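With the sequence shown counted from 1, adding 230 to any position gets you the working numbering.
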Amino acid sequence: GLLVADGGLHGLSKGVGLLVAKALSKDGNGSDQGVANAIDWCVSEGAEVISLSLGGAPGFIPSQFQGDGAAAASREAITQGVYVIAAAGNDGQSSDDDDVDSPCSEEDVICVGGVNENGDPWVGTSKGRNNGRLFPPLFPRSDPDKKPELVAPAERVPVLIKGGGWGYADGTSAATVYVTGAISVLLEGRPDLQRNGSAGGQQGIEKVKDWLEETVKPQEGQDGHDEKYGYGLLKVEALLDRAGAISPATTPHSYLL
231 GLLVADGGLH GLSKGVGLLV AKALSKDGNG SDQGVANAID WCVSEGAEVI SLSLGGAPGF
291 IPSQFQGDGA AAASREAITQ GVYVIAAAGN DGQSSDDDDV DSPCSEEDVI CVGGVNENGD
351 PWVGTSKGRN NGRLFPPLFP RSDPDKKPEL VAPAERVPVL IKGGGWGYAD GTSAATVYVT
411 GAISVLLEGR PDLQRNGSAG GQQGIEKVKD WLEETVKPQE GQDGHDEKYG YGLLKVEALL
471 DRAGAISPAT TPHSYLL
């Protein structure tokens with residue numbers, strides 16, 4: 231609904247074509263390999279953007295030294311010019327494992343945290359561990375790849391309900407869809423940044439990540455990257471202006487425009 235709704239609710243990128251891969255069971259459980267298979271399928275079917283409203287704890291061994299899994303599949307998708315956008319995670323309280331979820335912990339994956347209705351970090355949004363650590367091993371991160379990269383609404387987000395009607399949901403899964411919509415609109419206005427475009431590929435993704443860092447709105451008093459707020463709050467029109475993408479943007483949250 232957040233992405234393509236075209237009724238009482240207006241999705242951010244209504245009219246976009248969807249590929250839907252079922253990677254989790256109805257109770258929200260699944261395997262790392264199941265998610266990896268879903269990512270691989272989306273790439274093979276020609277997806278331009280992969281939206282992952284899911285995640286899990288990173289493995290003990292840094293993912294770049296492991297052969298399989300959602301992290302490896304995400305990296306491979308990015309090398310083919312596919313934008314991968316994933317949720318930071320919802321363990322930002324006492325159960326926080328001290329980093330964002332995988333696969334959004336991967337370098338060029340766009341990792342999305344959440345804000346509440348007041349624009350402050352949502353209580354459950356996971357924080358990024360960007361200075362690295364020895365145990366379990368985690369390499370330090372540098373700009374513009376510190377985690378999360380940005381935030382979007384994660385509290386009382388309007389969503390469609392199976393069977394009809396709509397309600398509200400909380401979590402970084404919902405926040406992720408806002409960023410997915412913004413990137414989809416950008417690619418509509420700048421087809422050269424699509425996976426087979428003249429300015430696309432992994433370098434195109436890195437360029438868009440630079441633009442995200444430049445155009446988000448930092449929290450008042452924020453200096454540089456914040457472990458929960460990222461570089462700032464998604465600002466869709468600023469992003470499109472920076473990219474030179476002339477595409478209409480709509481969102482249930484006008485303060486994102």
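Cβ coordinates follow ideal geometry from the N, Cα and C atoms, glycine included. Computed from a predicted model, the values in this text were never measured in an experiment.
- Segment contact: the stretch 389-398 against the stretch 350-366, fewer than three CB-CB distances shorter than 8 angstroms; contact not assigned.
- For ILE391, no alpha helix (DSSP H) run applies, since DSSP gives it neither H nor E.
- PRO370 counts as exposed, since fewer than 16 other beta carbons sit within 10 angstroms of its beta carbon.
- In this structure, THR406 keeps its C-beta atom at 8 angstroms or more from the C-beta atom of SER304.
- One Cα belongs to ALA301, the other to CYS272, and the distance between them is close to 15 angstroms.
- Classified as exposed, GLU275 has fewer than 16 neighbouring CB atoms from the shown chains inside 10 Å of its CB.
- The C-beta distance from LEU469 to THR445 rounds to 5 angstroms, short enough to fall under 8 angstroms.
- In this structure ARG386 is exposed. Its beta-carbon is surrounded by fewer than 16 other beta-carbon atoms within 10 angstroms.
- Counting the other Cβ atoms within 10 Å of the Cβ of LYS392 gives fewer than 16, which makes it exposed.
- In the structure shown, VAL409 adopts helical secondary structure according to DSSP, grouped into three states.
- By the beta-carbon neighbour count (other beta carbons within 10 angstroms, threshold 16), SER255 is exposed.
- PRO421 carries a helical assignment under DSSP once its states are collapsed to helix, strand and coil.
- Counting only the Cα atoms, LYS465 lies some 9 angstroms from ALA412.
- Less than 8 angstroms divides the Cβ of GLY354 from the Cβ of GLY401.
- Selection VAL265, ARG363, ASP373 evaluated against ASP440 yields ASP373 as nearest (Cα-Cα).
- Runs of the beta strand (DSSP E) lying entirely within the stretch 300-369, each at least 3 residues long, are 313-317, 340-345 in chain order.
- Per DSSP, the continuous alpha helix (DSSP H) segment holding SER274 begins and ends at 262-274.
- VAL438 and GLY260 have their C-alpha atoms spaced approximately 31 angstroms apart.
- Here DSSP, grouped into helix, strand and coil, assigns ASP453 to coil.
- For ALA277, the secondary structure class from DSSP, reduced to helix, strand or coil, is coil.
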